[in-house]
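What follows is one structure encoded as structure tokens, with my remarks underneath.
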């Protein structure tokens with residue numbers, strides 16, 4: 001008799017959940033969930049209720065025998081689950097808003113996952129994720145933790161360094177890149193393969209193939225000097241042709257923050273004046289979405305959800321679970337422990353690379369290019385060093401590690417600014433940073 | 001019969017030469033030079049004549065049997081020399097002035113060896129040094145090339161990567177640090193030992209001992225929040241206590257450019273208004289020096305030379321030659337091929353580390369601290385990647401490598417600025433950058 | 001219009017060819033060969049004629065539009081081929097016989113691919129393969145060289161170190177192991193996956209799964225103390241239970257030569273008395289086969305071919321070509337350049353590991369076990385060092401490298417024996433070792 | 001006021017002690033011992049008494065203010081000692097005799113430190129040394145443990161892996177090699193320097209210099225084909241010229257066991273017939289020595305001690321202590337944690353290499369030859385893997401690790417023999433191997 005297939009979604013009250021439900025419904029034949037647990041914290045009771053009710057309607061409409069449970073008891077949800085996914089936001093959108101605004105005070109980029117904003121998010125998020133891991137270790141040690149919570153690479157690294165939980169970090173950027181490349185080249189996405197190398201939100205598409213024929217050069221030509229080649233939540237400033245040719249690979253959208261720092265900052269400051277931070281925008285979208293979700297006749301994912309960002313999120317997540325469940329051995333780009341795949345980075349850090357997915361998880365593939373060129377390597381190494389320090393700061397409440405993390409980050413690069421920003425982060429997040437309680441003023 | 005000991009000084013007409021002569025005179029017993037060749041280019045004929053005449057007077061006064069030769073024939077000077085030293089300045093102080101000013105146009109630090117200024121200097125200098133190496137390979141293949149020409153680390157790397165010449169890169173910073181530490185701790189310098197790790201002008205004193213007892217913590221305490229702990233040519237802005245403790249090691253003076261970028265830039269902009277660039281200052285000092293040198297009664301190093309910067313330069317140079325010549329096996333901090341000593345950097349790059357000096361040159365010692373912490377490692381790796389790209393740009397006239405070198409440098413960090421600065425550098429140095437002739441507009 | 005698919009088989013007159021033809025016929029739908037060239041040397045004219053005629057009858061019977069060419073002009077065969085395969089035997093079975101007998105004179109194991117015998121074969125084979133590579137570089141630089149010629153790992157390493165040819169080394173051991181494991185576990189082979197680590201003919205099956213569930217322990221239990229778990233050409237001496245448990249992985253059959261050296265030697269010496277060497281046996285089988293092949297009514301692979309050894313050889317070969325041709329991205333275990341996948345071995349050596357096969361060739365997968373345990377690592381390292389030295393000896397006629405290769409080989413382990421065996425090898429193979437002409441007595 | 005300088009000698013009743021005392025007396029000016037503790041176990045009471053009394057007479061004769069203490073209380077001896085040295089022999093010469101005889105039963109080399117004999121010795125010794133380390137950690141955490149107890153490399157590795165004690169492993173082979181080389185070249189030893197690379201009792205002198213001029217080739221020529229170039233306790237079989245040239249470095253005497261396995265075995269078997277094992281010889285020498293030591297008028301090291309083997313032992317030991325005590329920064333060849341100095345070996349193993357000795361201990365120097373050639377590397381790697389497994393077996397009583405250690409050792413190389421030898425070792429050493437109590441039959 002087949003063992004029951006149980007999935008637990010931590011942060012189940014998220015506005016993203018309907019997308020995930022849609023994914024589960026579409027792929028039910030391959031991935032026959034028996035029990036789906038949506039868990040949330042008390043503060044999210046209303047949202048969970050709303051989203052859960054919509055999920056029930058969606059499943060009913062599909063006529064599938066998926067049992068849906070809503071709960072505030074995390075251990076109950078995790079117990080015997082095959083997969084645990086996290087889509088939590090510690091401190092909710094207010095915290096994100098602060099993460100985006102604090103750096104801007106000092107003329108630094110304010111972004112949810114990158115730079116000082118991502119640092120703050122990591123400090124808040126990692127302790128909660130490690131708590132979840134403790135539960136998994138105790139009540140479902142064989143479960144896979146599929147982590148979508150940003151900063152996904154840093155969080156994955158904390159989990160692999162400090163717990164025994166089998167984990168894979170997942171981002172929608174790789175699948176989004178593949179979709180974008182397919183569109184650019186005018187071919188169906190099923191014919192496109194890409195190789196990515198780097199770490200979460202700091203990676204390069206090193207090669208592109210269409211039906212096995214390399215097309216990297218064509219894509220580099222296409223993306224030079226045009227708009228429309230960025231992901232939703234990153235300003236769409238075009239790459240300069242000469243520069244992109246000197247990179248020789250396709251930088252991910254987040255690399256605009258590094259390569260076009262000044263223009264990106266300018267854009268953020270303008271936006272702050274005119275429409276507020278991205279958090280402010282998202283808040284509005286979320287309100288609208290929850291208003292829609294409450295409609296008792298709604299029984300499908302509303303199209304407005306697409307404005308939310310996180311496109312292909314559900315696809316990436318369900319793909320991953322399906323491939324593990326079915327021992328598929330297809331290739332997906334996910335965040336895992338390095339173990340020598342990127343030889344320029346330490347063995348115990350997280351990297352985002354092409355992996356074969358099977359019943360044991362994700363096994364990285366050797367890069368087709370034997371060694372990353374110095375310009376990729378250098379940037380990767382310094383940002384990874386920042387990430388390692390951030391993990392230490394988040395796990396141990398290590399002020400000195402945090403200070404150095406911010407100081408060496410290429411988007412900060414100054415001990416003075418680091419100190420001020422860090423101080424504001426600690427003060428603005430008091431309730432979410434118990435590990436730093438002794439440093440608050 | 002002892003083989004004649006011959007030394008060739010390339011750039012012999014430099015204002016530094018009297019200091020070197022003084023060093024040779026003081027250490028004659030240990031390092032009995034038979035023939036000293038001062039070589040220069042035609043454009044430096046007058047200076048060579050002046051400096052050479054002073055050198056002759058100094059040697060005569062000392063009553064030593066050193067034969068002094070002045071020549072414009074480099075190969076004649078190098079032939080059968082045991083040591084070749086370089087103290088050249090391609091493009092002279094005018095070029096330095098440009099190196100310091102161009103970056104400031106774009107709000108970037110303008111410095112002779114660091115950032116965009118150091119990049120420009122490397123592009124001008126490396127082809128000339130490789131030419132010298134060709135001569136050495138042909139007419140004195142067993143000679144040691146002791147390179148003092150900045151950026152010394154990058155130049156040394158170019159030589160080890162592209163020639164067969166035995167080379168050691170030398171800087172006065174390590175010996176200066178030791179002197180400074182002795183002064184701080186109020187002990188004689190002979191009792192002080194330090195361990196340094198890093199690359200030229202980007203290194204950290206990882207440990208300090210007095211008579212074998214570690215005193216690193218004491219020094220960290222002393223340097224926090226005080227002035228007077230920087231080398232001559234770097235603004236003396238004090239380290240913030242909390243920050244320096246989080247570094248945990250003693251940063252070299254040049255690290256102020258990285259850790260206190262904004263304050264350092266502000267200072268440079270002020271100075272530019274009030275007293276011009278450092279090149280402008282040095283020009284005046286040089287004029288004064290050469291006026292003094294012309295005095296036919298002067299037969300010693302004039303004390304004014306000390307204002308010139310480059311303190312301990314002669315000491316460092318003569319120490320190194322003496323230890324090689326006498327197979328001394330003492331420890332000096334010099335620039336050599338890495339070969340795994342700093343495991344976070346590639347094997348074939350140059351590093352500045354503690355070495356045992358003997359008749360075969362410099363052999364690095366393993367670091368007492370097994371692995372550099374992430375905050376040191378990250379910064380070191382990204383700057384080294386910049387250096388590797390700079391070597392490629394300088395040797396091959398590779399525009400794309402140069403573009404990427406500047407883009408990832410922590411003091412630039414922007415593709416746009418990189419492009420503009422690079423363009424100004426190429427235009428401002430046309431006559432000195434034949435390797436880039438096809439890129440000039 | 002589809003480009004013509006051309007395959008060149010070097011050593012086409014081999015008795016194995018009918019098996020390969022059968023494979024091509026079976027997989028024609030997926031791998032539609034247009035032109036198949038069988039090439040051989042003049043000395044093999046008769047065999048080529050016989051085998052070629054049989055191949056023609058087989059293709060005709062299958063009714064497929066494959067053009068078969070027989071030629072002695074290697075470059076004509078290689079020109080524009082998509083795949084070149086090699087199944088050559090330099091010096092033919094007489095040489096193999098010598099390889100097996102010479103070591104036995106000194107109480108050393110005599111084996112075609114392992115120890116001194118494999119060393120001799122490598123010396124004879126590598127120069128010929130490098131010649132073939134020169135042709136490929138000139139007339140078909142995009143062709144894949146699929147090398148089946150033993151010692152396959154050493155030959156592959158010589159090709160990757162000394163040519164630009166895209167090459168993959170192939171052995172039937174991995175596929176044979178999978179078949180054997182399936183049989184042991186009583187499941188269909190399609191449900192079995194294995195992970196192998198090591199180098200050709202010295203590898204361990206680190207993990208076994210059936211439908212994604214790990215079964216390594218079960219297999220270890222099964223193979224302890226029983227017969228029937230060795231490949232055809234290796235004496236079937238059973239593994240001792242306690243020992244196999246301490247290995248913790250499944251050793252390949254060739255590891256019997258290392259782990260049970262004395263028993264294996266004893267067996268060889270007995271066999272030598274009673275039935276001669278394996279070469280002698282094979283000679284008889286070959287004679288029988290060619291007699292059969294000459295039957296003008298034979299139009300299929302005769303079942304007697306299976307006695308020949310090399311089971312699954314055709315399957316392995318055609319699988320590999322089909323996966324490359326169709327960009328399949330399935331996993332096969334082949335010999336490729338290491339590049340860090342086995343971190344205990346140098347980057348530039350060949351290893352035999354799980355790879356994803358696609359249109360660009362074979363990309364290794366990270367091992368599921370992060371690091372090989374010391375008992376695996378140590379043996380692997382010393383035998384790989386032997387292989388590296390053998391490549392140098394074979395390519396450069398380097399006597400000293402050869403001497404050291406034999407001395408450190410675990411099956412020789414003595415400078416005295418190494419010297420004697422090497423001398424006999426050089427004397428016995430004079431005509432096939434031009435690179436050692438100056439060492440012969 | 002100077003802190004008292006205390007030294008504890010564990011195994012103080014050894015026949016070697018007078019040599020050590022002589023060394024302390026000779027070097028008193030540089031190394032002014034205040035308190036010298038000779039410690040032994042109850043079973044060695046008589047020997048300790050005899051040796052201690054001789055030591056007192058020697059010190060009195062020298063007229064030095066060294067306080068000599070004899071004790072059976074190890075912690076008292078260790079407390080506040082600056083240096084702890086070990087010269088213990090667990091199981092005494094009877095155990096050594098077994099170690100030498102057991103392997104010979106199976107046609108394997110029987111040697112105290114190498115192969116199965118060294119393995120047995122490691123199993124007996126490591127638990128005792130780790131016990132001593134526990135004492136050091138508790139009562140003298142800053143003490144240096146200078147370990148002379150064989151197998152010195154394996155013991156040092158166990159200490160660095162499983163304790164926090166600062167340790168250096170010491171052997172008289174490097175100093176003996178230097179002496180021998182000086183004699184061969186007819187120069188004073190003070191003019192000779194050597195570079196050694198490898199692990200204890202398996203190393204190669206990679207380079208030899210006289211007054212800074214390389215003489216490696218000369219030494220290779222000299223040692224070819226002559227007798228008289230082995231250490232005392234290893235049969236003096238001459239190196240074959242062609243072979244030694246192909247090594248390209250000077251193998252240590254113990255490498256005869258690897259390179260001339262058969263001849264060495266033959267010699268051992270002969271000796272066993274005629275004069276017994278080396279342990280038997282040593283027993284007689286020891287008896288003679290202790291008879292001499294009892295002479296109440298003897299107040300110097302008797303010359304007969306030189307027959308004992310272990311020449312230069314005292315010199316090596318006192319050199320090391322003196323250099324640490326005086327922060328000398330001279331170069332000595334000792335056993336330390338690898339940490340990347342031999343890049344072909346793991347970081348956490350022990351290696352025997354050139355080190356700078358100062359107040360903090362031993363800091364390895366980078367090899368002058370960047371990478372060890374494959375024939376050195378391969379042998380080193382497999383024997384190191386054996387050593388790593390032996391440490392695990394010794395510390396944890398891990399039978400499987402022990403089984404594999406013996407199997408892969410180049411002087412055993414067979415699972416069958418490994419099993420039998422291991423069984424005999426366990427049975428013959430029951431009382432000394434508590435960690436294996438569950439495996440004894």
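Residue numbers (UniProt numbering), protein chains in the order written: chain A, 1 to 441; chain B, 1 to 441; chain C, 1 to 441; chain D, 1 to 441. Ideal Cβ placement from N, Cα and C applies to all residues, glycine included.
Taking the C-beta atoms as reference points, residue 106 of chain B is found nearer than 7 Å to residue 420 of chain B.
The alpha-carbon separation between residue 33 of chain A and residue 272 of chain A amounts to approximately 43 Å. Cα atoms of residue 148 of chain C and residue 259 of chain D: separation of roughly 34 Å, rounded to the nearest angstrom.
At a Cβ-Cβ threshold of 7 Å, residue 140 of chain C and residue 279 of chain C do not count as neighbours. Residue-level contact check: residue 262 of chain D touches chain C, since one or more beta carbons of chain C fall below 7 Å from its beta carbon. Within the region 202-214 of chain A, no residue places its CB atom closer than 7 Å to a CB of chain B.
Non-local C-beta neighbours of residue 52 of chain D in its own chain, meaning closer than 6 Å and more than five positions away in sequence, comprise 38 and 70, ordered along the chain. For residue 133 of chain D, the uninterrupted alpha helix (DSSP H) run begins and ends at 115-139, by DSSP.
Proximity of residue 253 of chain C to chain A, defined by a Cβ-Cβ separation below 7 Å, is not satisfied. Inclusion of residue 261 of chain D and residue 413 of chain C in the CB contact set at 7 Å is warranted, their separation being smaller than that value. Between the region 154-167 of chain A and the region 347-364 of chain A, the count of Cβ pairs shorter than 8 Å is three or higher; the stretches touch.
Within the region 143-157 of chain A, contact with chain C at the beta-carbon level (separation under 7 Å) is assigned to no residue. According to DSSP, residue 439 of chain B shares a beta bridge with no other residue.
B:155 is the residue among B:137, B:155 and B:84 whose C-alpha sits nearest the C-alpha of residue 118 of chain B. Between the C-alpha atoms of residue 55 of chain B and residue 322 of chain B there is a straight-line separation of about 20 Å. Residue 365 of chain B reaches chain D at 356, 363, 364, 365 and 366, counting residues in chain order whose Cβ is nearer than 8 Å. Not flagged as an interface residue toward chain A: residue 235 of chain B, since no C-beta distance is shorter than 7 Å. Between residue 374 of chain A and residue 82 of chain B the beta-carbon gap is near 35 Å, outside 8 Å, which marks them as no contact.
Using a CB distance cut-off of 7 Å, residue 259 of chain B counts as an interface residue toward chain A. For the pair residue 109 of chain B and residue 115 of chain B, the Cα-to-Cα distance works out to about 7 Å. Chain-ordered, the chain A residues with CB closer than 9 Å to the CB of residue 370 of chain C read 337, 339, 340 and 347.
Shown here, residue 187 of chain D sits in coil according to DSSP, grouped into three states, outside any helix or strand.
Counting C-beta pairs with one atom in each stretch, the region 382-400 of chain C and the region 363-382 of chain D have three or more that are closer than 8 Å, which means they touch. Neighbours of residue 331 of chain A in chain C, taken as residues whose beta carbon is under 9 Å from its own, are 329 and 356 in chain order. Closest option to residue 215 of chain C, judged by alpha-carbon separation, among C:251, C:201, C:228 and C:194: C:194.
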